[in-house]
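Residue 119 is where the sequence shown starts when you use the working numbering, and the numbers rise one by one after that. No residue lacks a Cβ here, since even glycine has one placed at the ideal position from N, Cα and C. Structure record follows, encoded as structure tokens.
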Amino acid sequence: MKRKYSKLVLLILVLMAYSCVFEPDYGPRPVDTFIKYYGISGSNEVVDMINSNQGNLIILGNEESSASGATKDIVILEIDTVGNLIKKKTFDIQSLYAGDSSYNFEITDDEAVRIKAIDGGYLLCANFTAKDDKINGLGSKIFWCELDDNYNIIGKQVISDADYYWEVGDIIKSRDGNIVIAGATNKKEDGDNAIRPNKQRYLTKRSIDNDTVFWSKTFGYDDVDDFAIGVVELLDGKLGVIGWTGKSGNQGESGINTTFSIFTDIGSSSSIDNVYGFEYQGDTDFNDIVEDFVYTETEDMIIVGTSTSNNSVDPRSFPFLFRIRKEGTLVFKELLISSISDLNSGGMDVTISAQNDLIITGVFYNYEDSISRKAYNDQVLFKRTNQFGKVTNDYLPYQNHFGLTTGDDIGKAILTLTDGSIAIAATMDFGNSRTLISYLKVNNKGILKR
Numbered sequence: 119m120k121r122k123y124s125k126l127v128l129l130i131l132v133l134m135a136y137s138c139v140f141e142p143d144y145g146p147r148p149v150d151t152f153i154k155y156y157g158i159s160g161s162n163e164v165v166d167m168i169n170s171n172q173g174n175l176i177i178l179g180n181e182e183s184s185a186s187g188a189t190k191d192i193v194i195l196e197i198d199t200v201g202n203l204i205k206k207k208t209f210d211i212q213s214l215y216a217g218d219s220s221y222n223f224e225i226t227d228d229e230a231v232r233i234k235a236i237d238g239g240y241l242l243c244a245n246f247t248a249k250d251d252k253i254n255g256l257g258s259k260i261f262w263c264e265l266d267d268n269y270n271i272i273g274k275q276v277i278s279d280a281d282y283y284w285e286v287g288d289i290i291k292s293r294d295g296n297i298v299i300a301g302a303t304n305k306k307e308d309g310d311n312a313i314r315p316n317k318q319r320y321l322t323k324r325s326i327d328n329d330t331v332f333w334s335k336t337f338g339y340d341d342v343d344d345f346a347i348g349v350v351e352l353l354d355g356k357l358g359v360i361g362w363t364g365k366s367g368n369q370g371e372s373g374i375n376t377t378f379s380i381f382t383d384i385g386s387s388s389s390i391d392n393v394y395g396f397e398y399q400g401d402t403d404f405n406d407i408v409e410d411f412v413y414t415e416t417e418d419m420i421i422v423g424t425s426t427s428n429n430s431v432d433p434r435s436f437p438f439l440f441r442i443r444k445e446g447t448l449v450f451k452e453l454l455i456s457s458i459s460d461l462n463s464g465g466m467d468v469t470i471s472a473q474n475d476l477i478i479t480g481v482f483y484n485y486e487d488s489i490s491r492k493a494y495n496d497q498v499l500f501k502r503t504n505q506f507g508k509v510t511n512d513y514l515p516y517q518n519h520f521g522l523t524t525g526d527d528i529g530k531a532i533l534t535l536t537d538g539s540i541a542i543a544a545t546m547d548f549g550n551s552r553t554l555i556s557y558l559k560v561n562n563k564g565i566l567k568r
């Protein structure tokens, strides 16, 4: 009788323990070490992170040696999911065009922007400036190339002019096999209706095999700056363009605001150009700068960025999330205000978790622990919301920070891995002008397992 009673108690305890499980604690396991550093002596920074064609991860970044006279170059790191370095490739745009009489670039500073996986390789785009270039001008220029699976350049192009500047925001391969690039320029293309353009959003379609330019267009608003940070080709052939503008939002929000445009025919005028912004406690003067986005299987755009107040007395900064349908319909917009009232933060990238929640990385500015009051300078941010971008009470524990006790650290890219764990690529600041690329792997609750 006592043995049966003991078994019954044990069964009840097991059932109670099972019923308390809210969700699985997706990887990594406690035996793993999931914080790794990469870089040369000097400055190393993260720009982007994607899944490679071989099932690994690619971190795109920049590096600049601490040696006198060094310039900033583009770096690609391929790592496995536990952070082991598999391949490294660097590009110096000046060296790539050495001996090319068409350009003859002087010493250049190169800024990587995006890397995209395509069949058989990758697309890479970057901005660069020449430090002393009397032939091609000193303004920003665009470099893009196609890489094979070993990161060797198959073909490359430059968008350059001595009288104008260009900045790249995104690059895609369209279904017809050509390239579409989004960004910004101060050159007004034919068909642009702006009367007093500043920096305009820029789109161009080009051949991947030669220098054929099918079309280029600019669009934006008078007397303000515009920028396109992302472009997607929708299933119906339309182009969706994500960016920001200095124009007031649809509901009167001032400052810089987020934009989503749709082009019904490739190269045509946009059929819709919605402008969205935020207000906080009655203050509508925020700069809402888009940093990145996720294009979902249902063709929604989930957009992340940082909203910064222009209030000189009490400036505030928060991450934000938008979800926009392919038709331009706004699903939600959320300002992710910290549970710590005076803590400022920013959003840099977003991923969809295994539970269909949203997880962002970015930065806590001048982070100070609310209990110990210990200050950490800027820290890498981990923040999880529900699928509608809300931090409800259930999600309040899923907020964390990572980084060094000194220096300013920032999370720049985030991915959900196949085992449900979360990969973050961050720039870590060790002080004395020394930063390293860092790879962190956390579970779905934002806990770094070592």
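For residue 172, no alpha helix (DSSP H) segment is defined, and its DSSP state is neither H nor E.
Between residue 267 and residue 171, the CB-CB gap stays under 8 angstroms.
Its chain contains 373 and 403 as the residues whose beta carbon lies nearer than 6 angstroms to that of residue 428, once the 5 sequence neighbours on both sides are disregarded; these appear in chain order. In the three-state reduction of the DSSP assignment, residue 435 falls in the strand class, which pools E and B. Judged by their CB atoms, residue 272 and residue 264 are nearer to each other than the 8 angstroms cut-off. Taking C-beta atoms under 8 angstroms as the contact rule, residue 466 and residue 410 qualify, at a distance of about 7 angstroms. Secondary-structure assignment with DSSP links residue 361 through a beta bridge to 346 and 377. Taking C-beta atoms as the reference points, residue 289 and residue 352 fail to come closer than 8 angstroms. Only residues of its own chain outside the window of five on either side were considered, and among them 299 and 334 have a CB closer than 6 angstroms to the CB of residue 322, listed in chain order. Taking 8 angstroms as the cut-off, the beta carbon of residue 275 is found no closer than this to the beta carbon of residue 232.
By the neighbour-count criterion, in which a residue is buried when 16 or more other Cβ atoms sit within 10 angstroms of its Cβ, residue 506 is exposed.
Contact between residue 225 and residue 248 is confirmed by a C-beta separation of about 7 angstroms, below the 8 angstroms threshold. Residue state for residue 512 is assigned as helix, using DSSP reduced to three classes. Nearest in C-alpha terms to residue 500, of all of 493, 468, 523 and 494, is 468.
Excluding its 5 nearest sequence neighbours in each direction, residue 164 has C-beta neighbours in its own chain below 7 angstroms: 177, 179, 530, 531, 543, 544, 545 and 555, listed in chain order. For residue 214, no beta strand (DSSP E) run applies; the uninterrupted alpha helix (DSSP H) run containing it begins and ends at 211-214, by DSSP.
For residue 439, the closest of 451, 432 and 559 by C-alpha to C-alpha distance is 451. Separation of the CB atoms of residue 279 and residue 315 is rounded to 16 angstroms, and the pair is thereby denied contact status at 8 angstroms.
Under the three-state reduction of DSSP output, residue 502 falls in the strand class.
By the criterion of a C-beta distance shorter than 7 angstroms, residue 516 is surrounded in its chain by 502, 563 and 564, once the five residues flanking it on both sides are discounted.
In terms of Cβ geometry, residue 540 and residue 470 do not form a close pair [threshold 8 angstroms]. Distance from residue 442 to residue 378 at the Cβ level is roughly 5 angstroms; contact confirmed, criterion being Cβ atoms closer than 8 angstroms. Residue 462 places its beta carbon less than 8 angstroms from that of residue 435. Between residue 475 and residue 449 a beta carbon distance of about 15 angstroms is seen, past the 8 angstroms cut, so the two are scored as non-contacting. With a cutoff of 8 angstroms on beta-carbon distance, residue 319 and residue 361 are scored as near each other.
Leaving aside the five residues that flank residue 518 on each side, the residues in its chain whose CB is nearer than 6 angstroms to its CB run, in chain order, 500 and 564.
Taking C-beta separations shorter than 8 angstroms and ignoring five residues to either side along the sequence, the partners of residue 472 in its chain run 144, 534, 538 and 562, following chain order. Around the beta carbon of residue 375, 16 or more other beta carbons lie within 10 angstroms, which makes this residue buried. Of the candidates 206, 198, 200 and 167, the residue whose Cα lies closest to the Cα of residue 158 is 206. If only uninterrupted beta strand (DSSP E) runs of at least 3 residues are considered, those enclosed by the region 213-278 are 226-236, 239-248, 259-266 and 271-277. Check the Cα spacing between residue 496 and each of 167, 259 and 527: the tightest is with 527.
Here residue 257 is near residue 282, since their CB atoms are less than 8 angstroms apart. For the pair residue 437 and residue 426, the CB atoms are not nearer than the 8 angstroms cut-off. For residue 484, the three-state secondary structure derived from DSSP is strand.
Ranked by Cα distance from residue 398, the options 183, 213, 456 and 524 are led by 456.
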